[in-house]
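> Sharing a structure, written as structure tokens. Questions coming.
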Amino acid sequence: MVDQPEVTKVGGWRGLVSRAFRALALTWQAGPIAATSYLFLTIIQGAIPAAVTLFTKWLLDGIQFSTTSPENIPAGQSPPDIHPMLLVAAIGGLGVIVAGMPYLTNYIQSRLKRGVTLVVQDRLFGAVNGFDGMARFENPAFLDRLRMAQQAATMAPDQTATAIFGIIQSTITVVSFLGVLLVISPIMTAVTVVAAIPAFFIQLAISRQQAGMMWSLSPRNRRQLFYQMLMLDMAAVKEIRLFGLGDFLLGRMRRETKAINEGEEKIDRKVLSSQGPLAGAGALVAAGGLVWMISATLAGQFTIGDVSAFIAAVAGVQAAIGGMVSGATQGYQALLLFGHYVDVSDMKSELPAAADPKPVPSLATGIRVEDVWFRYTEDGPWVLRGVDLIIPFGRSLALVGLNGAGKSTLVKLLCRLYDPTRGRITWDGVDLRDVEVSRLRDRISAVFQDYMSYDLSAAENIGVGDLAHLDDRPRVVAAAKEADVHEFVTGLGRGYDTMLSRIFFQGEDNEDPDEGVTLSGGQWQRIALARAMMRAGRDLLILDEPSAGLDAAAEQAMHDQLRQYRSGATSVLISHRMGAVRHADHIVVLQDGRITEEGDHSELMRSGGEYARLFSIQAANYVTDVDTSSAEAATTG
């Protein structure tokens, strides 16, 4: 069983009140004028029903007193001093206000909601953007909390403010109506209030269960969304069609949806079983009070105006208390959900910041990896085990190894996306943990194995490699030329301004260059390389499988080009293509997270170890019978 979120277990009412004030503060910050106007309208809407009831009582009493002999007037009652037509005008005026008030309120609510959405999303994603590392994004539990926080960011503050203002309005209505009831009958006033108390607490209990259900179903919601997006993913369409996976994925999605529906159905049944009896009890209280009131009126104890006021007040109190319960339920649930937003938006970076950060010098001697051990979780397997490595300034290093050997993990540590579990990495003798992450990364350029394909223009896709020069078209063009993608980009419909995406397509003209284009994997890889070239002159260049999506000729051309580009620069190359790494100044072989061999190509081939084995395996694939015959003929000749 999945535990309920911690916010439903700890903090209690104090935590809820704290979050309520925080939600209101966000609402006020989003629009102080709109929030003040909303509060003013809320107070007016809360007071009008009782005012109409009181004016109606006076009007009916005036009519009764003017048509009834004095001896038939109840003891202690006297006719109102206000002219009946003034009361009619007042009631009519309030009716006009009541009729127009919802439209004005809805306008202000919508305006306030838009402002709140802007503020909370900015804070949430600002906090997420401040997570310097990757650990949280690879943690399923955090992803669940982040999804809940995203949901809360779009719903909870607005729902909380609406609920609180609704409670204020209902409270004003209840107090004003109870004042009317209290004058008529203190006993019925007490009975009406007591009858509504159980409903309030039962609804809060149900709200708590609903919040727990939302948390427990979060993994299922995530899986449901995954299957939905997978069936719409253009990259997956080929395999889904070829292997006939559509019904399989649809079945998985249906299973998750049914499980979600079953969980929600349980809560709905609890709501039905509790609210039905409560509504019946409220109706019985109202009916009993009405019978008593009419009997007392026939006995000469009350006026027709009293009966009218009593009926309106009882109905108004019950409706208002129901509104308070509904508002409290909505607000309680929104605050529980809002807890996820608060938790995520208050999180600091998982990478500890140096108390007194040191400057990042231009690389002069090199980077040292000193006895580095690393694992992704405290109880997980070791991915790197005692790695000692030197990346000399101005030299090229190649990392070789089978999948899972730890190559890409080492790259993540060099970029300080993670910190070593043990050991340290230094930059010209300065521990990476002692410098500002942003300044370190500004000195690094990289092409990652899982590079991004942004739904942006070609120029922007390249330019984001160095945001300071995003609009520097000559620099973007130079980077494209370095990556040998300039001619391809200029051949597009709008050249560098062509959208490299069809996601925004809405028109009917498939040939319209404004609608964007779809690139192949190899073309995207060239764009990603150009993005890295935007950071020309940086201290460290990292290339993690930079040619995986290219054909043989393009791959050879890219590596020839990269070899010239890396000459005299500090670089790290990861590739399963042994021909691509053979020209590196220094080659390191990783096996099971340990360095087992290192040297240049010639040294490693002579040693006959893992590198020589992998190189020979790949080389054998390029040797044909014709090659063998030619070699034999040359030997015998």
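Note that full-length UniProt numbering has the sequence shown beginning at 1, numbered continuously upward.
Note that beta-carbon positions come from the ideal geometry of N, C-alpha and C, so glycine has one too.
If I measure Cβ to Cβ from Ser-547 and keep anything under 6 Å in the same chain, skipping five residues before and after, which residues do I get?
Once the five neighbours on either side are set aside, the close Cβ partners of Ser-547 are Glu-555 and Met-558.
> For Leu-182, which residues of its own chain have a beta-carbon under 7 Å away from its beta-carbon, when the five flanking residues on both sides are left out?
Hits under 7 Å: Thr-189.
> Could you compute how far the alpha carbon of Leu-399 sits from the alpha carbon of Asp-592?
C-alpha separation (whole angstroms): 13 Å.
> Residue range of the beta strand (DSSP E) that Leu-573 falls in?
Its beta strand (DSSP E) spans residues 571-574.
> With DSSP collapsed to three states, give me the class of Glu-265.
Helix at Glu-265.
> Thinking just about the alpha-carbon of each residue, which of Leu-492, Asp-434, Arg-416 and Thr-377 is nearest to the one in Asn-139?
Ranking Leu-492, Asp-434, Arg-416 and Thr-377 by Cα distance to Asn-139 puts Thr-377 first.
> Just the Cα atoms here: how many angstroms apart are Ser-37 and Gly-15?
Going from the Cα of Ser-37 to the Cα of Gly-15 covers about 28 Å.
> On the DSSP letters alone, give me the boundaries of the beta strand (DSSP E) that Thr-426 sits inside.
It spans 422-427 - the beta strand (DSSP E) in which Thr-426 sits, taken as one unbroken run.
> What did DSSP end up calling Phe-374 once you bin it into helix, strand or coil?
It is a strand residue.
> Would Met-85 be called buried (16 or more neighbouring beta carbons within 10 Å of its own) or exposed?
Exposed is the call here.
> If you measure between the beta carbons of residue 715 and Arg-441, is that distance less than 8 Å?
Here the chain comprises residues numbered 1 to 637, so residue 715 is not present and cannot be evaluated.
> Helix, strand or coil for Ile-82, going by three-state DSSP, please let me know.
Three-state DSSP puts Ile-82 in coil, outside helix and strand.
> Would a check of beta-carbon distances place Arg-416 closer than 8 Å to chain C?
Judged by its chain identifiers, the structure shown contains no chain C, having just a single protein chain.
> If you draw a straight line from the alpha carbon of Arg-563 to that of Gly-608, how long is it in whole angstroms?
Approximately 25 Å between the Cα atoms of the pair.
> Judging by CA-CA distance, which residue of Leu-230, Gln-301, Ile-260 and Ile-202 is the nearest neighbour of Leu-272?
Selected option, being the one with the closest Cα: Ile-202.
> Find out if the Cβ-Cβ distance for the pair Leu-614, Met-578 is shorter than 8 Å.
A contact, by the Cβ cut-off of 8 Å.
> Under a three-way DSSP split, which group does Gln-591 fall into?
Strand.
> What is the DSSP secondary structure of His-586, counted as helix, strand or coil?
Three-state DSSP puts His-586 in a strand.
> Roughly how far, in whole angstroms, is the beta-carbon of Val-317 from the beta-carbon of Thr-192, given that I think they are within contact range, below 8 Å?
At roughly 5 Å, the Cβ-Cβ gap stays under 8 Å, so Val-317 and Thr-192 are in contact.
> Do Leu-397 and Ile-391 have their C-beta atoms closer together than 8 Å?
In this structure, Ile-391 lies closer than 8 Å to Leu-397 by Cβ.
> Helix or strand or just coil, what does DSSP make of Ser-37?
The answer is helix: DSSP assigns Ser-37 an H, G or I state.
> Considering only their Cβ atoms, is the gap separating Gly-423 from Trp-382 smaller than 8 Å?
No, the pair does not count as a contact, with Cβ atoms beyond the cut-off.
> According to DSSP, Met-499 sits in a beta bridge with which residue or residues?
According to DSSP, which records beta bridges pairwise, Met-499 is partnered with Ser-457.
> Take every Cβ of the segment 401-410, pair it with every Cβ of the segment 352-366, and state whether three or more of those distances are shorter than 8 Å.
The segment 401-410 vs the segment 352-366: no contact.
> I'd like the span of the beta strand (DSSP E) that includes Asp-600, first residue to last.
Run containing Asp-600: none; DSSP gives neither H nor E here.
> Residue range of the beta strand (DSSP E) that Asp-544 falls in?
Run containing Asp-544: 540-544, per the beta strand (DSSP E) assignment.
> Helix, strand or coil for Ala-548, going by three-state DSSP, please let me know.
The answer is coil: DSSP assigns Ala-548 none of H, G, I, E or B.
> According to DSSP, simplified to helix, strand and coil, what is Gly-386?
Correct three-state label for Gly-386: strand.
> Helix, strand or coil for Lys-57, going by three-state DSSP, please let me know.
Lys-57 falls in the helix class under three-state DSSP.
> Pick from Ser-18, Val-369 and Thr-490: whose alpha carbon is nearest that of Val-387?
Ranking the options by Cα distance to Val-387, first place goes to Val-369.
> Beta-carbon separation of Val-116 and Ala-20 under 8 Å?
For Val-116 and Ala-20, no; Cβs fall outside 8 Å.
> Using DSSP bridges, identify the partner residues of residue 641.
Residue numbering for the chain in the displayed model covers 1 to 637; residue 641 lies beyond these limits and cannot be assessed.
> Are there 16 or more other CB atoms within 10 angstroms of the CB of Val-2, so buried, or fewer, so exposed?
At Val-2 the pLDDT is 39, less than 50, meaning the model places this residue with poor confidence and gives no usable figure here.
> With a threshold of 7 Å on Cβ separation, who are the neighbours of Ile-294 within its own chain once the five nearest residues in sequence on each side are excluded?
Taken in chain order, the residues that qualify are Val-307.
> For Gly-366, list the residues DSSP reports as bridge partners.
According to DSSP, Gly-366 bridges with Pro-392.
> Is there contact between the segment 461-481 and the segment 524-534, where contact requires at least three CB pairs shorter than 8 Å?
A contact exists between the segment 461-481 and the segment 524-534.
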